[in-house]
Structure formats: structure tokens, C-alpha cells
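Reading through the C-alpha cells given below for one structure.
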Amino acid sequence: MGSLYDDLWHSAQERTDYLLGLDGDIQADQTPRSRNDAVKMILPIYIKYKNLLKKLAQLYDRMIHSQKRQLIKRLFNCSVGRMLEYRRELVKLTCSDYHWPDDLLIELKWTPDDVQIPSIASYTSDRKKELEEREKNIEDLLDKLNAPELEDEDDHLERERPSAPSLTRAPSMVRRRKSLKVIITPQLPVPTESEEERIIREREEARRKAFADAISLIQRHERARIGRVIGTNASREQEFFWRLKFGEIEVKKYRKEVKEKAARIIQKTWRGYRDRKFLEERREKREMAMGMIIPSRRDKTVIETDLGNRLRIAELQQEFGAAVDDRIAEERSKIFESKRFSVMDDISEEIRAWFQEWLQAVGHFDVYPPEQNGGSAMIVLGQTLTPEEFLVKKSEEMNKEELKKGKDEKKSPKGKNKKEVEGWTPPESKILQMMMEVKNEFVSNWSLRDEKLRETANIEMIKEEIFYELQLETRKAVDELMRLELDRMNDALIKDHKNDDPKFIFPGMKKGKKKKKEKKGRKKPGDDLGKKEEADQMFRELVSSGIIKNYPKARLSDWSGDLSYQNFEAQRDFKEYNHKLGEIKNIIIETCILPLGSKEAHTIAPLLRSLCIMGLPRTGKKFLAHAIANEIGALLFDLTPRVLSGRYEGRENEKRLMRMINTVAKNYPPSIVLIDGGDIPWMKKIPPEEKENQPKRLAKLLPKFIKTIKPGDQILVLGLASEPWKANKKFSKMYDNFIAIPVSDYNSVYLFYQDVLMRYHNVNRHFDVSAVARASVGYSLDVIREAVENVMNLRRRMRLRFEPLRPEEILKELERYPRISEKILNDYAKFQMKTPLGRKLAKMRKEQENNEGN
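Start counting the sequence shown at 171; every next residue gets the next number (this note's numbering).
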């Protein structure tokens, strides 16, 4: 690891220590706070966690040392969970998914880029082989399904074989047939084509022939025209020379002064043109160097070098990881061979000492911890009762009446406190303890190691992990032996107290028998669905049904849009404001990519089961869905109504479909269940073109499926809605969150025009982008891109050098596309206020107005 990443590694640890201290102070202060005070407390630490995540993401992607990467990954996942917990509290307090902490950024001397979390390349690079194999597997299955069926070879030969010779024919003909049969080689089966394929082939051949004939016709006419032009010019030249020779034309002679004056005018004009071009090119180069204009052809050397470095780092990560794995295997074989029996003896002596402690203090033995809870490991960790605690508990059970009175007394003040406490208090978090463990591991294993020049594996860590594995493995075997030994000692103890009065009853014996009975249970019918073989079979069935499919390559970095720079002031001055296209990228990363990227983060982070991306047509909803899937390497299930049309009809088949999706999704995490047209199943009036797809059946299946998603499953139900205001109330209740893609704004359109237009070489670098962007606000970026492509066709690009592009051309093309009506925008805004978060926002504003009125 170079000095840059080594310094970044230590900087991230210092930032982690600082945030843990700050977080601990917030947790310790349980004073109830008002809404505004709580936001002022949470927002600074929230953006600081985002800055930490950016550093950790860069470290994890570029770090080569596999052991350090595992530690960084754990810290990154814990930080993701803690950041999302703070985000959840902010959303509850502000009733908004978007926040603009401009004052805090100025105070910290940060820019918005410092708190913008990048996409995590390692989510896909660490699983590169797995993703490539899965993609190839899907393609192979689809190729087999789409391949034309070949006729049986015997049937084909039978059809092609000539009929048997007639007995009435001459013998010579029969002999000739026999000789021919000997000479003919066995025929290979020829693939047959269907009637539809034949028609397509004939149409393609006719099209090619027509195209070739058209080219030939154009060439003949063009050659004839050129011949006529050459002949006409030759006859005119010959006529001119003849007339000049015989004196019919008199050549006008100019004086020397006139010729020199004409030459000076030509030179002046040419030199002026040349100098103007030179000055213009020099100005463009200067402005290009200063970043004032965008070149048409950018130098990709730096980008290609960085990409090469990333690929090289990925190779080194695999090499270092393989070397560490080899060393682990070597150490494991040594330790398991030499230390297995000594570890078993140590564990046995430890458990026997526990037996003796109980026998001497209480007079009998405690119940042996069950295997599903960890077995004797609970004894070592102190998770079982000590003899003293057992005696205290036993004495308390003898005074049940006093204990009930004590409980009643304790309950009453708690109820009063809950009613009295008003305001926000920091909720408890289990993630802080996990972050402290990671910090302590760093201090003990890595803080004193200087590896700027040469990185080596930490052998002590490897040995500790192997000893831990050895303990777990041998402890199971020892537990079985010690349970038998405990049973024998219990039997002996019962015999010793056989004549006691009252009768000696060994505590825990009945409980142990009950537990044994509880282990025996009928196998649930859904248990077998989790088997890998059945999951693979279901995977193939879903691919053949068109539900699992490969998706287009898309990256979130290609999303165009600018951030909101005036919303902080608008929010402060109580003005109307809305998020912009640039904020969509941030919320997608925080709510979708970071939790779904790893199992650990999804387990500890606030659970998001379902999400709806809503926006007007052609606003990039499907692009965002594909970008999410590409960023995390997700398996995509397409439950769009038109995909399910004619498939899995009937109640039982529908239930079977959802069971298969649930099983495959859990066996191939992360997974995304996509519903393009996620609002259609809940529409009050189904569009006529969608009725044949029976979209209503999804309305019953999806809510039950969403409830089965648990932390760690890495499953997200993602809906895309274009007309959500036409859906009923159940639609807004089904999704946990809604992301609204806003109408295009000036900043986003300006940046998009610059990116699209400046790719063309001969477009003037000083083209008035601002005026065109101002007039194009409201059109979706996809419509703008299509309009620019229509204007900049081949003929127009050929004329750019002599006829510069004018803003009117683009605006005239945009007029062909309809603008979004005010009614649709109003319906869209009204639905946003009907979502769960929108209703909370309306309630909060009403409370604020009432407080101001009072």
C-alpha cells in the first residue's frame, strides 16, 4: 500500500475515533429536544458519517491487503448502518428525504462533493467471476430456448431418400440405381426453416437486391452526368480558343497599377482571415486550458491510465488474497494436527471445573447449555447463571407476592414518565458496539505496523482465527462427551439422594426432556425450497419464462443533473422549494445501493423492503432501475404485467411463482424485483391496452411477498410509476418509500446541453447554451437528447463548418414535442402529498402554523 492510502487509512481511523466520541456524547445525553434542536444535533454527525464513508469506499476499492480490506469492510458496513440510522431520524423529524446543510458545509470548509458517497466498485469487482458466469448462464439458457428445432435425422433422410424402383422397370435402370446408392455419401441433417423464417429470409434478400440495384442506378446516372459535363466544358473551351484565335474576342489588358492594387486587396483579405482564425484558435486553446470551454475530443489518457491502475489493483487484490488463503490453509493443517487434542483437554477441564463449582456451592449441577445457543461457549462467555445468581433467583421465587408488588410499583412510574416525556431523544443503537470492536481490533493488530514499502500478511491474526475455528469445531465434540458425563453424574446424584425426605428433585431435568421433545418436529413443506439444487432448477424455469433476464449496462455516474444551490436559503426564508435531478443520485445511493450491496449492511441498517420511483414519461426511471442493478450486481426479476401475461395463471400457479422468486432471490443475493408500471395494478380504471395483461393479480401477490423480506435477505421490490395519481389508496401503502423524479430545471438542462452539443467537433464553442437551456426547461432530458440528434444529422454536421448551428434550430425541433400540461404537474404534486411522508409533512406544517397563530 502506497503512502497515500496508508495516510488515508490512518486518517479514516482518526475520523472514526472522533465520530465514536461524538456519537457517544449524543447517546449519553437523553434530554428531550424539540424538532429544530434535534435536527441541529443530528445533521452535523450525519454529514460527517457521509464524509467518512467516502474515504472508506476509496480505501476499500484501492486497498490490496486482504486482511485490512476485511477490517475496512466491517467498518464501512457499520458506518453505513449508523449513517442510515441518523438519516431515518432526520426523515422522521423533517418529513423529507432531502436535506441541504449549506451552513454546515461552509463551517467545515467542505463542498457538496466531500459528502457525496461514490458508487462502490468492489460490490461487483469482488464477484466478477460469479457475475460473468451468471450472465453467461442466462444467455445460454435463452439461446437454447430460441434455437430453431431440428428435425430428427432419420425422418430427414427418409424424406430425402428416393422412392424404391418399380418392378416393371428395366434391370439396367435398377442396376444403375444400386450403383448410384453405393457412390452417394451419407447425407448430413440440414436445418429446416419455418414459413416465417423463409418469408423473413426472402424479404432480406429482396431488400439487399433492391439496395444493390439502387446503387448501380445512381452510379450509372452519375457517371453519365460527369461525362456530359466534361464534354460541355471541352466544347466551350475549344470554341473560346477558336474565337480568340480569329480575333472575334478581344482580351482586355489591365495596367500594372490596377493589378498590384487587386493583389494587395486579395492579400489583405486573406491575411485578415488567416490572422482572425489564428487568434480565434489561440483564444480557444487558452480558454480550453483554463476550463472555460469544453473540447469536442477530450484527452482520455488520464482516464485510461486510471482504469488500467484499477484493473491492476484488482489483479493484485486477487493475488494477495490467494496468497493469504494458501497461508491460512497451511497454518490450519499444522495447528489442527498439533493442537486438536490439547484444546479438547483444556475445554474438558474447563467444563469439569464448572461442574465442581456448582456441586460445591449448590449441591447439584446446572443444566447444560443447548447446542443451538452455543453449547459450552455460553459458560466461557459468562452467559449462564453462576451458583450465587441461581441461589438469589431461587430465594426470589419463594417470595412471589412481594415480587408482584414490586413489579406493580415499578410499572406505574414508567407509565407516568412516558406520558410526561415530550420531544426527541436519541434511540439506542447496537451498531456503536460493533464499531468499537472494529476500532479495538485496529488498535491491537494494525496501529503499530508500518507497511508503506512492503505489505505482509498478519500471521498472528491468521493463527487466532484458526484457533477460534478449532475451538468451535472441537467444542461440539467435547460437548457431546460432557453431556454424557453430566447425565451419569446426575444419575449418581439422584441415587445418593434416593432416601431424602422431601424427595430430591434435580432442577432442570423436566425442562431438558421438554427441550429434547421440541427438537423433534415435522419438516415444514417450504424447507426443501432452500436447497441449492432446487433453487437452480427454479432459476432455469424463471429464465425460460422471461422473468429473470440480463439487463442493459448502466451506471449511476451517467445520470445527468445538478444539485440545488438555493434550497437552503429558500427553506430558511419559508419559500417554496423542491429537489433537483442531482439529488436523485444521492438518495438512490443511500437508500438502495449501500444497504443492498452487502449482507452485513442490510442486516444492521434500517430495513427498506420496497421502493417506488415515480416520474413522468421519459424521465429516466428504467435507467435508474438498471443502474441500481449494475452497481450492486443484482439478479433482476421482471414482474411487469406484460411479461407475466399468459404465464402462471391461476391462484396456485401465482403462489408457486412468488415462492420460486422468494427462494431464488435468497439464494442469489442481492436481488431486485422490478415492476415497470408499478402503479397499473392499483389503478381505479385499467387502461384498455393493459387489460389483457391482467395487472390486477399483482395487487394481491406483492404485499404478502414484501412482508416476507427480512434483514439480511438483500431483496428490494422496485416499482416504476408514470401516473401514480390514478392509483387507489392501497398503492401508497404498499411501498415503504417513494422517490419522485422532478421536472428538469435550468442548471440540469444547461449542463446536459453542454455535454451533448460539445461532442460535435464543428459546433461553436461559444454557442449560446444558456438561452436554449432557459427555453427548454420542463422538457425531459431524453426528449432534449432526441431533438439534438434529429437536428445534428449527417447533412447538418457536414454544413457546420460553413453554416454555424443556431439556437432556433434546436428550439424549432423541440416544438414538435408536447409540453407537460399544468394539470398533470398539479396531479403529480398532489399525489406526492398523499404518500406516507407527504401526509406527515402536511401534518407538521399544519402544527407549525397553529403554533405560530397561538
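By construction, the Cβ of each residue, glycine as well, lies at the ideal position given by its N, Cα and C atoms.
For this session: Could you tell me which of R406, S466, S503 and M652 sits nearest to S518, measuring between CA atoms?
Result: The closest CA to that of S518, considering only R406, S466, S503 and M652, is found on M652.
Exercise. What three-state label does DSSP hand L786 in the structure shown?
Worked result: If DSSP states are grouped into helix, strand and coil, L786 belongs with coil.
Problem set entry | Anticipated Cβ contact below 8 Å, F709 with V834, distance rounded | Rounded, the Cβ-Cβ distance is 5 Å, consistent with contact.
Exercise. Are the segment 291-303 and the segment 248-258 touching by the rule of at least three beta carbon pairs closer than 8 Å?
Worked result: Result no; under three Cβ-Cβ pairs closer than 8 Å.
Exercise. Count the other CB atoms within 10 Å of the CB of W524; is the residue buried (16 or more) or exposed (fewer)?
Worked result: Flag for W524 reads buried.
Exercise. How many angstroms separate the CA atom of K880 from the CA atom of E760?
Worked result: Put simply, the backbone Cα of K880 is about 19 Å away from that of E760.
Exercise. In or out: Y188 buried (at least 16 other Cβ within 10 Å) or exposed?
Worked result: Exposed: under 16 other Cβ atoms inside 10 Å.
For this session: Give the secondary structure of V537 by DSSP, where H, G and I count as helix, E and B as strand, and everything else as coil.
Result: Three-state result, V537: coil.
For this session: Determine which residues share a DSSP beta bridge with S780 and list them.
Result: In the DSSP assignment, the residues bridged to S780 are V887.
Exercise. Do A869 and W895 come within 7 Å of each other at the CB atom, strictly closer than that value?
Worked result: No, these two residues do not count as a Cβ contact at 7 Å.
Exercise. Under 7 Å, do P977 and A941 count as touching if we go by C-beta distance?
Worked result: Yes, the pair counts as a contact, with Cβ atoms nearer than the cut-off.
Problem set entry | Boundaries (first-last residue) of the beta strand (DSSP E) holding F448 | Per DSSP, F448 belongs to no beta strand (DSSP E); it is in the alpha helix (DSSP H), K426 to A459.
Problem set entry | Spatially closest choice to P465 from N934, G1008, K982 and L764, by CA coordinates | Nearest neighbour of P465 by Cα position, chosen from N934, G1008, K982 and L764, turns out to be N934.
For this session: Quickly, what does DSSP pair F807 with across the bridge? List them, please.
Result: Answer is I718 and V843, bridged to F807.
Exercise. Sorted by chain position, which residues of the same chain lie with C-beta nearer than 6 Å to S349's C-beta, five sequence neighbours on each side aside?
Worked result: For S349, the pLDDT reaches just 41, beneath the cut-off of 50, and the residue's location in the model is therefore unreliable, leaving the point undetermined.
For this session: Return yes when the C-beta of K836 is under 6 Å from any heavy atom of the ligand MG, and no when it is not.
Result: Absence of the ligand MG from the depicted structure is noted, as is the absence of any ligand whatsoever, leaving it without description.
Exercise. Given 8 Å as the limit, is there contact between the segment 898-909 and the segment 781-789, that is, 3 or more CB pairs closer than that?
Worked result: The segment 898-909 makes contact with the segment 781-789; the number of CB pairs closer than 8 Å reaches 3 or more.
Exercise. Out of curiosity, what's the CA-to-CA distance linking V428 and A404?
Worked result: Distance between the alpha carbons of V428 and A404: 31 Å.
Exercise. With 16 as the cutoff for other CB atoms within 10 Å, does G790 come out buried or exposed?
Worked result: Burial call: buried.
Problem set entry | Continuous alpha helix (DSSP H) assignments of at least 4 residues falling wholly in the segment 886-948 | As far as the segment 886-948 is concerned, its whole alpha helix (DSSP H) runs of at least 4 residues are 899-904, 916-927 and 939-946.
For this session: Let me know the secondary structure DSSP gives W594 once reduced to three states.
Result: Three-state result, W594: strand.
Problem set entry | Limits of the unbroken alpha helix (DSSP H) element including V399 | First-last of the alpha helix (DSSP H) with V399: E365 to K415.
Problem set entry | Selected residue, minimal CA-CA separation from K563, among K1010, K866, I521 and V532 | Ranking the options by Cα distance to K563, first place goes to V532.
Exercise. Taking all protein chains shown into account, do 16 or more other C-beta atoms lie within 10 angstroms of the C-beta of T810, making it buried, or fewer, making it exposed?
Worked result: A residue is called buried once 16 or more other Cβ atoms fall within 10 Å of its Cβ, and T810 is buried on that count.
For this session: Write down every uninterrupted run of the beta strand (DSSP E) in the segment 480-542 whose length is 3 residues or greater and which is fully enclosed by it, in chain order.
Result: Runs of the beta strand (DSSP E) lying entirely within the segment 480-542, each at least 3 residues long, are absent.
For this session: May I ask you to list the residues that DSSP assigns as paired with R203?
Result: Its beta-bridge partners are W594.
For this session: Compare the Cα-Cα distances from A771 to each of F511, I217, N221 and R244 and report the closest residue.
Result: Of F511, I217, N221 and R244, the residue nearest in Cα terms is R244.
For this session: Could you tell me whether any Cβ in chain C is nearer than 7 Å to the Cβ of E427?
Result: Given the protein chain composition of this structure (a single chain), no chain C is represented.
Problem set entry | Span separating the alpha-carbon of I1068 from that of D728 | An answer regarding residue 1068 cannot be provided, because it is not within the stretch 171 to 1024 covered by the chain.
Exercise. DSSP on M462, reduced to helix/strand/coil?
Worked result: Here DSSP, grouped into helix, strand and coil, assigns M462 to coil.
Exercise. What three-state label does DSSP hand M605 in the structure shown?
Worked result: Annotated three-state conformation of M605 is helix, per DSSP.
Exercise. Are the CB atoms of C265 and L778 nearer to each other than 7 Å?
Worked result: For the pair C265 and L778, the CB atoms are not nearer than the 7 Å cut-off.
Problem set entry | C-beta contact flag for Y930 and A943 at 7 Å | No, the pair does not count as a contact, with Cβ atoms beyond the cut-off.
Problem set entry | For N863, the nearest candidate out of E1017, A384, R812 and L555 (CA to CA) | Of the listed residues, the one whose Cα sits closest to N863 is R812.
For this session: Assign H180 to one of two classes, buried (16 or more other C-beta atoms within 10 Å of its C-beta) or exposed (fewer than that).
Result: Around the beta carbon of H180, fewer than 16 other beta carbons sit within 10 angstroms, so the residue counts as exposed.
Exercise. CB L640 to CB V513, shorter than 7 Å?
Worked result: In this structure, L640 sits near V513, with a CB-CB distance shorter than 7 Å.
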